[in-house]
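Structure first, commentary second.
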Amino acid sequence: MSSSALKPLAGGHGPKKTIFELIADPRASQHLPSLSSVLRELEDLAGRNNVMIQEISRLIRSDQSLAVRILRLANSAYFAPAEPILDVDQALIYLGLSHVRTTIFTTRCIEQTCNISSDLLPWKEFWLHEVAVGFITRILSQHMEERSLTPESYYIMGLFHDIGKLALAYLAPDDFTMVLTQARERHCDTSQVEFELLGIDHATLGAWYLQQQGLPAMVFEPIRLHHAWKIEGRQATLSCLLCLADKIAHRFGLGTSGSFVEAGGDMFAWEEWQQYEKRCDHKSEAEVERHRGIIQTELSHVPDLIHQIVT
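According to the working numbering, the sequence shown holds residues 38 to 348 in order.
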């Protein structure tokens, strides 16, 4: 979809429509950035076990900004190569296809949404936060005893946890501005303001958007509930994981989402962390301490990691 076609659905003449009326409009999803082609590209690369490195290399080399991101990622402190990696083919082998695919996916998503403006929420900072939550979700998930999704799916779930804010900015920019303004003035989470003003929050709106884009329920349902993870149900574990990753990203100041999230105190005493550790099946206190040390080390590299992708 061309950038010229991405016009706010709200506005114009006549009575202002509510957000419920806007998303009920069959045209609504047409006014949002399309992720369909990006998803097809990712599925194509993920679904072919015999995909050639040279084929992915050609795809990356055809996009200079993508090639730069891949090389920066390979040379980041998180991956810490013994020697500088200067060649795309070498970077692909070193990073592995999973990380390469998610980098391609992230780049394409950012490109699809880079034309919307907001004085209150710089979109680069927004995507820094989203990518951070994606990586943190992926890192945390790899230490869980039972994992119901692929590493890429955990990343995508984190990457899109606040995508409803972007949808709101497209569909109803005046409402979006009002929500951000009040959240800033009241120093609170945008969800609280969204429910009060609109009767719906960005998590629910994001789940609707992702469903329209063809993502599976196992990805968009945890997003819908990530501010209400205490609700009983199959998605409680994944929703709690998302909430924890989001809170960690806020704690370390990784980008901004327009929300003010209380993330102080002892991270390991957070209720979300306590629930997460129950899924890690530690056999002893020593295992708990070792696990926490590993997580802290991995998290320390996330700031450098996200800045290699979001430039």
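Even for Gly, the Cβ is constructed at its ideal location relative to N, Cα and C.
It should be emphasised that the depicted structure is a prediction, and the values quoted were computed from it without experimental measurement.
Close beta carbons around residue i, own chain, < 7 Å, minus the five adjacent residues each side
| i | result |
| --- | --- |
| E231 | V216, I237, D238, H239 |
| A128 | I107, L108, A111, I122 |
| H319 | V325, H328 |
| W266 | A273, S276, C277, C280 |
| F305 | R329 |
| Y246 | L69, I200, G201, A204 |
| G49 | For G49, the pLDDT reaches just 46, beneath the cut-off of 50, and the residue's location in the model is therefore unreliable, leaving the point undetermined. |
| D303 | none |
Residue burial classification, residue i (beta-carbon count within 10 angstroms, cutoff 16)
| i | result |
| --- | --- |
| S276 | buried |
| S40 | Because the pLDDT of S40 is 38, which lies under 50, any placement of that residue in the model is unreliable, and the number read from its coordinates should be weighed accordingly. With fewer than 16 other Cβ atoms within 10 Å, it is exposed. |
| P253 | exposed |
| A42 | Note on A42: pLDDT 36, under 50, position unreliable in the model; the coordinate value appears next. Result: exposed. |
| G201 | buried |
| A117 | exposed |
| T19 | A question about residue 19 goes unanswered here, because the residues of the chain that appear run from 38 up to 348. |
Nearest neighbour of residue i, chosen from the options [CA to CA]
| i | options | result |
| --- | --- | --- |
| T293 | D226, I268, E308 | D226 |
| T349 | S228, K320, G251 | No information on residue 349 is available, as it lies outside the stretch 38 to 348 that the chain covers here. |
| R184 | Q91, D199, L278 | L278 |
| V339 | L134, H287, L203 | H287 |
| I260 | C280, Q249, G251 | C280 |
| S296 | Q311, Y246, L177, E162 | E162 |
| H224 | S135, V298, L134, C146 | V298 |
| Q248 | F197, M304, R95 | F197 |
| I331 | D100, W160, F142, Y115 | Y115 |
| I147 | H136, D100, D156, W160 | W160 |
| L158 | H180, R95, S135, A220 | A220 |
| I141 | H180, D100, D156 | D100 |
Own chain partners of residue i with C-beta closer than 6 Å, once the 5 adjacent residues on each side are dropped
| i | result |
| --- | --- |
| Y192 | T139, G171, R175 |
| F213 | L205, A206 |
| S113 | D341, L342, Q345 |
| F322 | It is Glu, not Phe, that sits at residue 322 in the sequence shown. So the list is empty, once near-sequence residues are dropped. |
| T334 | none |
| E233 | none |
| H136 | none |
| Q350 | Because the chain spans 38 through 348 in this model, residue 350 falls outside it and cannot be assessed. |
| D156 | none |
| L132 | A111 |
Under 8 Å between C-beta atoms of residue i and residue j
| i | j | result |
| --- | --- | --- |
| V325 | W164 | no |
| E258 | A273 | no |
| L342 | M255 | no |
| A300 | G195 | no |
| L291 | A119 | no |
| L59 | L208 | yes |
| E309 | K284 | yes |
| I90 | I130 | yes |
| E167 | D199 | yes |
| L235 | I93 | no |
Cutoff 8 Å; reference residue i; Cβ partners in own chain excluding five residues on either side
| i | result |
| --- | --- |
| A104 | I97, R98, V125 |
| E182 | R316, C317, D318 |
| S190 | M255, V256 |
| S178 | R184, L186, P188, Y191, L278 |
| S102 | T144, T348 |
| H264 | D226, S228, D238, A240, C280 |
heavy atom of the ligand ADP below 7 Å from residue i C-beta
| i | result |
| --- | --- |
| T293 | Here there are no bound small molecules, and the ligand ADP is not part of this structure. |
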